[in-house]
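Residue numbering for the sequence shown follows the working numbering, beginning at 7 and increasing consecutively. The block underneath contains the structure these notes are about, expressed in structure tokens.
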Amino acid sequence: MRDTETPRKRATRALAALALALTTVLLLSACVGSPAGPSVGPGPDGQNSDLPGPGSGEAPDEGGATPGPAAAADMSDYERYAAARAAVVNGSSYSFDMSLVSTREDGQETSTMTQDGTQQLVRTQGGIEASQGSTVQNNGVAETSLLYYRDGYMYLDDNGKKSKAALLPEEAEERFGANLPTLSEADVIEHSATDNASGGVELMFVVKGSNFGFTDVSAATIDSGYADFLSQLTHEDGTLVATLDQAGNLTKVVLKYRYSYSANGQQLSVSNTFTVGNIRVGSVSAIYFPDDLASYQDFMP
């Protein structure tokens, strides 16, 4: 980080990094035994009235997803996935569910952490509005937070600690879009396409190491402590399976990957399954925000 950055820019960058890394860093901090970090989302009963989700701004689903990018005959599997993903993140609005199951093994015991949430985005004349929510279950403890973007500010409610920072619309779009996994064609080892029973297709990619877009992005934006930790991980090849419907719409993505690391002389391994499902483009008519956004304090790293 450059010394010429102003305190305001540093605060904005820090909060953006914090929000960007909600999935990956929360996972990693839990694995190394640190207190669970910030997350965003619904309570265990799914009844958090502040949480975006079904019944809070979503239009009824009239026969499934909106028409998407029907696959051209000459498109590769990678191009089909990239086009379907772009149709979601560039849509007038979208929503999807997210879940993460992380299993940690140290040779003596196995522990599992889960994270479940939702995300919504709507494009407006002034830019975008967005919200995200999730709950983490770890060691019998549930932690819930909420994330919003509106009028050039990102708002984070981290288990009751409320903060905000200015964020440009294009930065906000990148931050929210990052939760739908990306692929680098150069990192795809092998791939296949299989028709499914509903008339769509399952695209399967085997990808080298950790090249799914999460770790690299996080390491570049998180404070040095986490970046150093990320750089020490040993990754195995993973898989990404994308489900497309008959029209080429992306409806589900399942990402599986595994890594290992050494802590206090002990070798540990972590297996993760990250799922984005119930993907719906054009399904959100409005984002609902809490009434107390004006009370959120400026974020100070």
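Note that CB positions come from ideal geometry on N, CA and C, so glycine has one too.
Where the beta strand (DSSP E) through residue i begins and ends
| i | result |
| --- | --- |
| residue 208 | 207-213 |
| residue 201 | 194-201 |
| residue 149 | 147-156 |
| residue 135 | 133-144 |
| residue 83 | It is not in any beta strand (DSSP E) - residue 83 instead sits in the alpha helix (DSSP H) that spans 83-95. |
| residue 102 | 99-111 |
| residue 169 | 167-172 |
Candidates the options, of which the one nearest residue i by Cα
| i | options | result |
| --- | --- | --- |
| residue 195 | 242, 113, 298 | 242 |
| residue 339 | 170, 199, 91, 152 | This structure cannot speak to residue 339, because the chain is shown only from 7 to 307. |
| residue 260 | 254, 302, 209 | 209 |
| residue 137 | 181, 147, 113 | 181 |
| residue 96 | 186, 265, 240, 281 | 186 |
| residue 183 | 172, 204, 202, 129 | 129 |
| residue 287 | 271, 103, 166, 84 | 103 |
| residue 99 | 199, 144, 131 | 131 |
| residue 179 | 135, 198, 172 | 135 |
| residue 253 | 143, 201, 166 | 201 |
| residue 197 | 145, 247, 240, 270 | 247 |
Same chain only: Cβ atoms within 8 Å of residue i, ignoring 5 sequence neighbours per side
| i | result |
| --- | --- |
| residue 238 | 267, 268 |
| residue 116 | 109, 110 |
| residue 118 | 107, 108, 109, 110 |
| residue 168 | 161, 162, 298, 301, 302, 303 |
Cut-off 7 Å between Cβ atoms - residues of its own chain near residue i, not counting five sequence neighbours on either side
| i | result |
| --- | --- |
| residue 295 | 154, 156 |
Neighbourhood of residue i by C-beta, 6 Å cutoff - its chain only, sequence neighbours within 5 removed
| i | result |
| --- | --- |
| residue 309 | Because residue 309 is not part of the residues shown, which for the chain are 7 to 307, the question remains open. |
| residue 314 | Because the chain is modelled from 7 through 307, residue 314 falls outside the range shown and cannot be assessed. |
| residue 14 | At residue 14 the pLDDT is 46, less than 50, meaning the model places this residue with poor confidence; the figure from the coordinates comes in the next sentence. Nothing meets the Cβ criterion. |
| residue 299 | 161 |
| residue 275 | 111, 266 |
| residue 257 | 249, 251, 285 |
| residue 278 | 108, 263 |
| residue 47 | Bear in mind that a pLDDT of 32 at residue 47, under 50, signals an unreliable position, so the number given afterwards is only what the model happens to contain. Cβ within range, chain order: 123, 139, 140, 141, 150. |
CB-CB length for residue i against residue j, believed under 8 Å
| i | j | result |
| --- | --- | --- |
| residue 164 | residue 141 | With 8 Å as the limit, residue 164 and residue 141 do not qualify as a contact, their Cβ atoms being about 12 Å apart. |
| residue 251 | residue 283 | With 8 Å as the limit, residue 251 and residue 283 do not qualify as a contact, their Cβ atoms being about 13 Å apart. |
| residue 126 | residue 293 | 6 Å |
| residue 191 | residue 84 | 5 Å |
N-terminal and C-terminal residue of the alpha helix (DSSP H) that residue i is part of
| i | result |
| --- | --- |
| residue 176 | 175-183 |
Cβ-Cβ distance between residue i and residue j below 8 Å
| i | j | result |
| --- | --- | --- |
| residue 308 | residue 87 | No information on residue 308 is available, as it lies outside the stretch 7 to 307 that the chain covers here. |
| residue 290 | residue 101 | yes |
| residue 90 | residue 255 | yes |
| residue 175 | residue 215 | no |
Cutoff 8 Å: residue i Cβ touching any chain D Cβ
| i | result |
| --- | --- |
| residue 208 | Here there is only one protein chain, and chain D is not present. |
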